[in-house]
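Just so you know, we're using the UniProt record's numbering here: the sequence shown kicks off at 1 and counts up by one. Think of the CB as a built atom: it goes at the ideal place given N, C-alpha and C, for glycine as much as any other residue.
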Amino acid sequence: MTPNFTNVHIKFKLDNVSYNHEDLMEVAYSYVKEGLPYQQDLGNFLLDWLDEHDYVMAKTSGSTGKPKNLKIKKQAMVNSAIATGDFFNLKPGDKVLHCLPANFIAGKMMIVRAIILGLELDLVQPVALPSIDYEKDYDFCAFTPMQLKNFAKHLNHLKTAIVGGGHVSEAIIDAIKDKKTNVYETYGMTETVSHIAVRKLNNFGTSNLSTISYFETLPNITVSTDDRNCLVIDAPYLSDNKIVTNDIVKIHSETTFEWLGRFDNVINSGGIKLIPEQIEGKLKKLIDNQFFITSLPDDTLGEKVVLIVEDDKNNIDNSIFDCLDKYEKPKAVYTVSKFIETKSGKIQRKKTMELLKL
C-alpha cells in the first residue's frame, strides 16, 4: 500500500531524533523562529508539508528564464520518493546526508524521502564544502556539482551519491572515477518533482562502457520524443499529463535516453543546425576555464558560432578547434571575467552574453 503524504514513517529521524507528525510541527516552528537561514528554509517547508493542503509551492531554478513558482501535489512527491527508494534500494533506518537548500525541489525531496521511507536524516548547512561528522558513514546523499567536486576526497563516507542541478564536468568525473562510492548524475526539473532518470558516472565494472552516457528512468516512467526530437516524459504517478521538455535527446529504449542539448540553444548557421552542447563536449578537455558555445547574428550565415570563456583575457589557441567540424568552428572568441549563474551553479547564458554589450 502506497503511503499517504500525511504519514510520518516510524523509523524517520532528523539529526538523530525520532519525530511523529505533531513533534515535527513543533520542530518546524522552532527552526522558523530561532534557526539559521538554512534551518528556517527547512522549517518553512516542513510547515507547508504538514499543513492541511494537498500541495506545496516550489520554485524553478531560473536557468533558462525567470524563476517561477509551481504548485506540486504532495502525493506526487511521495511517489517520487518511493521511486528513488526503489531504484537505490533505500531501506528504513538508512542514514542520509542533507546538504542542499530546502527552498528548491531537490532539497525538499531529500526531506520527503526521509519522512516517507523512514530514513535517518542529518541536516548540514548547504555550502560549497558540506561539513560532516567524519566518524559517521552515510548510505545516500545528493550534491550540486560544486559540492561533489569539493567533497570528492571524503566520498569514502558515502555508499551512494547523486549529483544534479548543473553541468558535471570532466574534472569532477575524473575526481570520482576511483572512488568506491557509486555516483549517479540525475536528470529532472521542478516540473518532474526532482529527478526522473539517472546515469552512472563511475564503478562500471565489466558493464558495457558505451552505455555510460545513457540516462535510465526510475520505475514506472517511460520516455519518447516529439517532432523536435525533444524529450517527452510519461510519469503517471508524478503528473496527470505527459511532460514535454525542451531537451533534445536520442532515445535508446522507452526507459533509456542520451541527452544532447537544449532546443532553446540550437544554432542555425548557414542552414546547418548545430547543438552547442555537442560542440562543448568536443572542447571540454581542451579548455580549462568555464565556457559555452552560443551564436551572434551574421549577415551571411544568419547566425555565427562564437565561444564565450570565463577569463579576464583571451588565451585560446585556435588550434584547439581542429577537433571540430567545419560549421562547428567558432568565428569569434569572447571573454567574460565572471559568468552569471543560478544559485545551483547553472550558467545563465543569455544574462552572461548581455555583459558583453555587443
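Quick check on Tyr29: buried or exposed, where buried means 16 or more other Cβ atoms within 10 Å of its Cβ?
Using a 10 angstroms sphere on the CB of Tyr29, the tally of other CB atoms stays under 16, which defines it as exposed.
Given Ile173, which residues of its chain have a CB within under 7 Å of its CB, disregarding the five upstream and five downstream residues?
The answer, listed in chain order, is Leu201.
Pull up the DSSP beta-bridge partners for Lys73, would you.
Partner(s): Tyr55.
Between the beta-carbon of Lys11 and the beta-carbon of Gly85, is there less than 8 Å?
In this structure, Gly85 does not lie closer than 8 Å to Lys11 by Cβ.
Please report how far the alpha carbon of Leu209 lies from the alpha carbon of Asp299, in whole angstroms.
Its pLDDT being 49, under 50, Leu209 is placed unreliably in this model, and the value from its coordinates should be taken loosely. Taking the straight line from one Cα to the other gives about 44 Å.
Assumed close pair Asn229, Ile243 - CB separation to whole angstroms, cut-off 8 Å:
With a contact defined as Cβ atoms closer than 8 Å, Asn229 and Ile243 miss out at about 16 Å.
Which term fits Val127, buried or exposed, when burial requires 16 or more other beta carbons within 10 angstroms of its beta carbon?
Val127 should be labelled exposed.
Would you tell me roughly how many angstroms separate the C-alpha atoms of residue 377 and Pro145, rounded to the nearest one?
Because the chain is modelled from 1 through 358, residue 377 falls outside the range shown and cannot be assessed.
Check this for me: beta carbons of Ala58 and Leu100, under 8 Å apart or not?
No, Cβ-Cβ distance for Ala58 and Leu100 is not below 8 Å.
For Asn20 and Thr211, the rounded distance between their alpha carbons
Note that Thr211 scores a pLDDT of 47, beneath 50, so its modelled location is shaky; the value from the coordinates is reported in the next line. Between Thr211 and Asn20, the C-alpha separation is close to 43 Å.
Flag this pair as yes or no: are the beta carbons of Glu280 and Phe292 separated by less than 8 Å?
Cβ atoms of Glu280 and Phe292: closer than 8 Å.
Taking the alpha-carbon of Glu328 as reference, which of Pro3, Ser213, Phe5 and Val306 has the nearest alpha-carbon?
Selected option, being the one with the closest Cα: Val306.
Local conformation of Asn208 per DSSP, three classes:
The pLDDT assigned to Asn208 is 49, lower than 50, so where the model puts this residue is not dependable; a value taken from the coordinates is nonetheless given after this. Note: Asn208 maps to coil in three-state DSSP.
With which residues is Asn268 paired in a DSSP beta bridge?
Among the bridge pairs identified by DSSP, Asn268 is matched with Lys273.
Could you pull out every residue in the same chain whose Cβ sits closer than 6 Å to the Cβ of Val183, ignoring the five residues on either side in sequence?
The answer, listed in chain order, is Ala161, Ile176, Leu201 and Asn202.
For the candidate residues Leu274, His252, Cys323 and Gln348, whose alpha-carbon lies nearest to that of Ile308?
It is Gln348 whose Cα lies nearest to the Cα of Ile308.
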